[in-house]
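Structure, as structure tokens:
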Ligand SMILES: [Fe+2]
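Numbering (the numbering used here), first residue to last: 9 to 328.
What follows is the structure, encoded as structure tokens:
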């Protein structure tokens, strides 16, 4: 069956079109900016995305807006209600909205095939690279929308399809990312948003992503994104490797030791024997369900409206 996905195997057109041999030494450790051909798959046009949105499972999308209140961003969660895909994209185009279609590879096999092709290509290019728990999301966001300073736990890449955005990437260590903060995110105590100061920008790498460009960066590196004055369609991919999994387990266990037992873990290194007892503690803590009580509760408070200037209207808040 023709799934409609871009088929690397049947084509000499690779998804990554300007890979350089030395990038294999940079993968996962430094920022790499590449050209890509994701758009050629036909899976990211407004028409195809509009259809995808209409049947998208509630549990797998986030619709957000952020209003400034007393100089601080007030990040809000919405829901699609009965908005058509076409109207939602119109609302995003004219408003102040950010739609994240999470785990799209679980919703539609065409995206699963594309995700597989992406990581087959990376694994082909980077000797010894073995990835798992690959994940793909689609971000559709309004002109001038920003995503605040935050960090992500798995390996990350951002692929631009339509519009342009500026990505600021910061060092993945204190003071930009203190150990305790990373642990708090991994434990689910706080969302990925971090405290940010303007002077951080003096230490940022700044990349403008245009359609057909993507960037990969160092594990957990904090970043923030500013859309230019146009609709943005982007793809995010995530992945784990055995080193990323060890880093997760060590940071999780350190967070538990620091918070619940008053200890100050000396290292977050993943080398040597230390990760394994810490991985066991992580597993035990999760198995006992002790990780649940600090997780963040989300309230839904708006729905899209293509006729509204801001692209949405408020609804009576309810728990998601
Ligand atoms: Fe991110």
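Here a beta-carbon is modelled for each residue, glycine too, at the ideal position from N, C-alpha and C.
Please read all numbers here as calculations on a predicted model, not as lab measurements.
Nearest to residue 149 by C-alpha distance, out of 64, 47, 44 and 241, is 241.
Cβ-Cβ distances below 8 Å link residue 58 to 92, 93, 94, 96 and 97 in the same chain, with the five nearest sequence neighbours on each side left out; the list follows chain order. The straight-line gap separating the alpha-carbon atoms of residue 173 and residue 239 is approximately 10 Å.
Within its own chain, the residues whose Cβ lies closer than 8 Å to the Cβ of residue 308, once the five positions on either side in sequence are excluded, are 85, 86, 87, 323, 325, 326, 327 and 328, listed in chain order.
Just measuring C-alpha positions, the residue of 245, 316 and 42 sitting nearest residue 145 is 245. In chain order, 113, 142 and 144 place their CB closer than 6 Å to the CB of residue 123, counting only its own chain and leaving out the 5 sequence neighbours on each side. Within the chosen limit of 8 Å, ligand 1 reaches the beta carbon of residue 231 through at least one heavy atom. The beta carbon of residue 153 sits closer than 6 Å to those of 106 and 235, all from its chain and outside the five residues before and after it, given in chain order. Taking the Cα of residue 52 as reference, the smallest distance to any Cα among 69, 118, 41 and 312 is reached at 118. Secondary-structure assignment with DSSP links residue 71 through a beta bridge to 86 and 107.
Per DSSP, reduced to three states, the secondary structure at residue 163 is strand.
Per DSSP, residue 188 is one residue of the alpha helix (DSSP H) stretching across 187–194. In this structure residue 254 is buried. Its beta-carbon is surrounded by 16 or more other beta-carbon atoms within 10 angstroms. Counting of Cβ neighbours within 10 angstroms places residue 206 among the exposed residues, the total staying below 16.
Distance from the CA of residue 180 to the CA of residue 187, rounded to the nearest whole angstrom, comes to 10 Å.
Where residue 322 is concerned, the enclosing beta strand (DSSP E) starts and stops at 320–327. Per the C-alpha coordinates, the member of 218, 219 and 184 positioned closest to residue 202 is 184.
Ranked by Cα distance from residue 27, the options 44, 36 and 37 are led by 44.
Between residue 83 and residue 72, the beta carbon gap of about 6 Å places them in contact (Cβ cut-off 8 Å). Set against 8 Å, the gap from the CB of residue 158 to the closest heavy atom of ligand 1 is smaller. Judged by DSSP in its simplified three-state form, residue 152 adopts coil rather than helix or strand.
In this chain, residue 38 is not harboured by any beta strand (DSSP E), its DSSP state being neither H nor E.
Judged by DSSP in its simplified three-state form, residue 265 adopts helix. Residue 242 is bridged by DSSP to 147 and 168. In this structure, residue 232 places its C-beta atom within 9 Å of the C-beta atom of residue 176.
The C-beta distance from residue 316 to residue 103 rounds to 7 Å, short enough to meet the 8 Å contact threshold.
Annotation for residue 164 indicates a beta carbon within 8 Å of some heavy atom of ligand 1. Distances from the alpha-carbon of residue 160 to those of 189, 169 and 99 put 189 closest. Looking only at 222, 74 and 100, the smallest Cα-Cα distance to residue 47 is reached by 222. In the DSSP assignment, residue 140 is bridged to 248. Between ligand 1 and the CB of residue 73, the shortest heavy atom gap is not smaller than 8 Å.
The alpha carbon of residue 25 has as its nearest neighbour, out of 215, 228, 272 and 41, the alpha carbon of 41. Closest in C-alpha terms to residue 220, from the list 167, 37 and 321, comes 167.
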